[in-house]
Amino acid sequence: MQSKPIALTVLDVLAVIALGVATYFALVFAPTEQIMGQVQRVFYFHVGTAWVGMLGFILAAVAGIVYLVTKDMKWDRFQVAAVEISTMFFFITIVLGSIWARPAWNTWWTWDPRLTTAAVTELIYVAYFMLRAGIEDPEKRARFGAVYTLLGGISVPITFMAIRLFRTIHPVVIGNESAAAQGGFSMSGDMVTAMLVSFAAFTIIFIDLMWHRVRLSGLQEKVEQLKLKVSM
Amino acid sequence: MSNIPITATKTADKDKQAITAKPSFLKAVMAIVQKDLSAEFRSRELLSAMLVFSMLVILIFNFALELNIEVRKSVAAGVLWTTFAFAGTLGLNRSMAVEKDRGCMDGLLLAPVDRSAIFFGKAISNLAFMLIVEAIVIPLYALLYNETRIFQLDFLLIILLGSIGYIAVGTLLSAMSVQTRTRDVLLPILLFPVAVPVLLASVKASGGLIEGATFAEILTPFNLLLAYDVIFIAVAFMVFDFVVEE
Numbered sequence: 001m002q003s004k005p006i007a008l009t010v011l012d013v014l015a016v017i018a019l020g021v022a023t024y025f026a027l028v029f030a031p032t033e034q035i036m037g038q039v040q041r042v043f044y045f046h047v048g049t050a051w052v053g054m055l056g057f058i059l060a061a062v063a064g065i066v067y068l069v070t071k072d073m074k075w076d077r078f079q080v081a082a083v084e085i086s087t088m089f090f091f092i093t094i095v096l097g098s099i100w101a102r103p104a105w106n107t108w109w110t111w112d113p114r115l116t117t118a119a120v121t122e123l124i125y126v127a128y129f130m131l132r133a134g135i136e137d138p139e140k141r142a143r144f145g146a147v148y149t150l151l152g153g154i155s156v157p158i159t160f161m162a163i164r165l166f167r168t169i170h171p172v173v174i175g176n177e178s179a180a181a182q183g184g185f186s187m188s189g190d191m192v193t194a195m196l197v198s199f200a201a202f203t204i205i206f207i208d209l210m211w212h213r214v215r216l217s218g219l220q221e222k223v224e225q226l227k228l229k230v231s232m
Numbered sequence: 233m234s235n236i237p238i239t240a241t242k243t244a245d246k247d248k249q250a251i252t253a254k255p256s257f258l259k260a261v262m263a264i265v266q267k268d269l270s271a272e273f274r275s276r277e278l279l280s281a282m283l284v285f286s287m288l289v290i291l292i293f294n295f296a297l298e299l300n301i302e303v304r305k306s307v308a309a310g311v312l313w314t315t316f317a318f319a320g321t322l323g324l325n326r327s328m329a330v331e332k333d334r335g336c337m338d339g340l341l342l343a344p345v346d347r348s349a350i351f352f353g354k355a356i357s358n359l360a361f362m363l364i365v366e367a368i369v370i371p372l373y374a375l376l377y378n379e380t381r382i383f384q385l386d387f388l389l390i391i392l393l394g395s396i397g398y399i400a401v402g403t404l405l406s407a408m409s410v411q412t413r414t415r416d417v418l419l420p421i422l423l424f425p426v427a428v429p430v431l432l433a434s435v436k437a438s439g440g441l442i443e444g445a446t447f448a449e450i451l452t453p454f455n456l457l458l459a460y461d462v463i464f465i466a467v468a469f470m471v472f473d474f475v476v477e478e
């Protein structure tokens, strides 16, 4: 039995602490927003989870290319881990956005471009799991998974761009001064700090989960091999 | 003394030539297209299914949306593209399943041609089927719903570009989905989210034209269509090898 690396345990503890710190910064440290009030605090986790969601999808596409070139199953395990974690985080992003939208836009869901693209992105990666579930041969599963994340990785920015060519009411907070008109706000210094803390915290949590998931796949594979050995 | 090795190399060269005597790329592509088309025109099972299905969809939309003249204009492009997308997956699924079922795909893969020739051959025949269906459905739609603006060159160009993008991705994904356990249900699930940009741009552009926009006004979706087509044909061309590899 492979014992858990100490560095991973340290990272676990760090991740929990980071989540606590990020929660403190979002709920206590950051000032209450003038117009939207307390509900604006959901923003810090919304942006944090969106960031790691995107990060995972990009990593998955890169891992797909590397897999197709090297044919090393390690990259397939890495890819599955990235997509699994990111799909979950991206789902959380959409839910948190919805919670914010209820008071801010007076509806849980609008067919706003940004929301629609996010939903499409989420569906691409849900389809990824359905594709993998239908293939028994691990090598073929890895190949198809790699091709599909690659297609998804190219399609997502095009979808985003496509819908952005038409209007949006989703606030653009970063690098946009006149955001208030769209239901956004301009951030004070403390808000930026809270947001950066949230970014950092979710990145640590993401790395921690990735490590666990990749390690789990490795162990799973070992179990499969041992089972084969026993049955022979 | 040196005679033997020379003859040996000569024969080897000859063998090599015989093995590597590939037909030209274009010839290989056209051979596959021809095979698909003649098989289809003999059985007509794919085209008739796509056609009947499209007509049913158009009739159902009539009930579902209770199309009056005002509504009709604004939804025409959406109705048409929904029909084409659904009929398209039907055709794509079938055209790949035929190859897979009787081991024809293995035969194709054994042929001494570039794998990408197989991709382009299948894509072109799939595109042909889709265009045939569109060529029948569009006039029919125009007739039934009294929509004459459909017959402009711009509109047909958009239909063509949209179909090309849709088929390029669809051919690649159907080659993948046909090899899975859940192949019949999987293709639309894989294809639709990836094809969102092409469907969106097509609906925007053709909808604009139906409502009387000039070509300059629909330039944004038109460019998007062009970009999508180029990018996805290139990507499908590059990764098709990995999809059919055994």
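Chains as they are written, first to last, in this note's numbering: chain P, 1 to 232; chain S, 233 to 478. Here a beta-carbon is modelled for each residue, glycine too, at the ideal position from N, C-alpha and C. Just so it is clear, the structure is predicted and the values come from calculations on it, not from any experiment.
- Query: Within 8 Å (strictly less), CB to CB, does ARG215(P) reach chain S?
  - Reply: no
- By how many angstroms is the C-alpha of TYR125(P) removed from the C-alpha of ASN176(P)? Any reading at ASN176(P) needs caution, since the residue's pLDDT is 48, under 50, leaving its predicted position unreliable; the model's value is listed next. Each residue's Cα considered, the two are about 30 Å apart.
- Task: Let me know if SER178(P) comes out buried or exposed under the rule of 16 or more other beta-carbons within 10 Å of its beta-carbon.
- Result: With a pLDDT of only 47 at SER178(P), under 50, the local geometry of the prediction cannot be trusted, and the value read off the model is given with reservation. Exposed.
- Thinking just about the alpha-carbon of each residue, which of GLY320(S), GLU379(S) and ALA281(S) is nearest to the one in ASN300(S)? GLU379(S)
- Message: Does chain S have any CB closer than 8 Å to the CB of ARG143(P)?
- Response: yes
- Query: Grouping DSSP H, G and I as helix and E and B as strand, with all else coil, what is GLY402(S)?
  - Reply: helix
- Task: Give the straight-line distance between the Cα atoms of PRO113(P) and LYS227(P), rounded to the nearest whole angstrom.
- Result: 49 Å
- Item | Amino acids of chain S, ordered along the chain, whose beta-carbon sits closer than 8 Å to that of VAL147(P) | LEU404, MET408, VAL471, PHE474 and VAL475
- Query: So ALA445(S) is in the alpha helix (DSSP H); what residue range does that whole segment cover?
  - Reply: Note, ALA445(S): premise wrong, no alpha helix (DSSP H); not H, not E.
- Message: How far does the alpha helix (DSSP H) with ASP333(S) in it extend, from its first residue to its last?
- Response: 301-333
- Task: Hey, could you find the ends of the alpha helix (DSSP H) ALA26(P) is sitting in?
- Result: Unbroken run through ALA26(P): none, as it is neither H nor E.
- Cβ distance (whole Å) where PHE351(S) is taken to contact PHE469(S) below 8 Å: 6 Å
- Item | PRO5(P) to ASP12(P) span [Cα, whole Å] | 11 Å
- Message: So LEU419(S) and SER409(S) are supposed to be a Cβ contact under 8 Å. How far apart are they, rounded?
- Response: 4 Å
- Alpha carbon to alpha carbon, how far is PHE383(S) from LEU392(S)? Give it in angstroms, no decimals. 13 Å
- Message: Quick check: what's the CA-CA separation for LYS267(S) versus ALA445(S)?
- Response: 41 Å
- Message: By the three-class DSSP mapping on this structure, what secondary structure does GLU33(P) have?
- Response: strand
- Query: By how many angstroms is the C-alpha of HIS46(P) removed from the C-alpha of VAL293(P)?
  - Reply: Here chain P covers residues 1 to 232 and nothing more, so residue 293(P) does not appear.
- Going by the beta-carbon positions, is the gap between VAL197(P) and ALA50(P) smaller than 8 Å? no
- Message: Looking only at its chain, what residues have a beta carbon closer than 8 Å to the beta carbon of MET287(S), apart from the 5 residues adjacent to it on each side?
- Response: VAL369 and LEU372
- Query: Measuring CB to CB, does THR412(S) end up less than 8 Å from LEU123(P)?
  - Reply: no
- Task: For the alpha helix (DSSP H) containing ARG276(S), list its first residue and its last residue.
- Result: Per DSSP, ARG276(S) belongs to no alpha helix (DSSP H) and is neither H nor E.
- Task: Give the residues of chain P in contact with ARG347(S), contact being defined as C-beta atoms less than 9 Å apart.
- Result: The contacting residues do not exist; ARG347(S) stays about 13 Å from chain P at best.
- Could you please give the first and the last residue of the uninterrupted alpha helix (DSSP H) stretch that includes GLN220(P)? 189-231
- Query: How many angstroms separate the CA atom of THR117(P) from the CA atom of THR159(P)?
  - Reply: 6 Å
- Item | Top-ranked residue by Cα proximity to VAL401(S), from LEU385(S), ILE364(S) and ASN358(S) | ASN358(S)
- Assuming LEU297(S) and VAL307(S) form a contact by the criterion Cβ under 8 Å, report the distance between their Cβ atoms to the nearest whole angstrom. 6 Å
- Task: Please confirm if the segment 82-94 of chain P is in contact with the segment 35-42 of chain P, defined as three or more CB-CB distances below 8 Å between the two stretches.
- Result: no
- Message: Using only the alpha-carbon positions, how far apart do ALA60(P) and TYR148(P) sit?
- Response: 10 Å
- Message: Residues in the same chain with beta-carbon distance under 6 Å from GLU277(S), minus the five sequence neighbours each way, listed in chain order, please.
- Response: none
- Query: Do the CB positions of LEU19(P) and ILE135(P) come within less than 8 Å of each other?
  - Reply: no
- Anything in chain S within Cβ reach of THR159(P), meaning under 7 Å, just list it in chain order. VAL428 and PRO429
- Interface partners of ILE421(S) on chain B, CB under 7 Å: In the displayed structure, chain B is absent; the protein chains listed are P and S.
- Query: If you check the beta carbons only, do LYS305(S) and ILE450(S) fall under 8 Å apart?
  - Reply: no
- Contacts that GLY134(P) makes with chain S (C-beta to C-beta distance below 7 Å): THR412, ARG413, THR414 and LEU418
- Name the chain S residues whose beta carbon is nearer than 7 Å to that of VAL120(P)? PRO425 and VAL428
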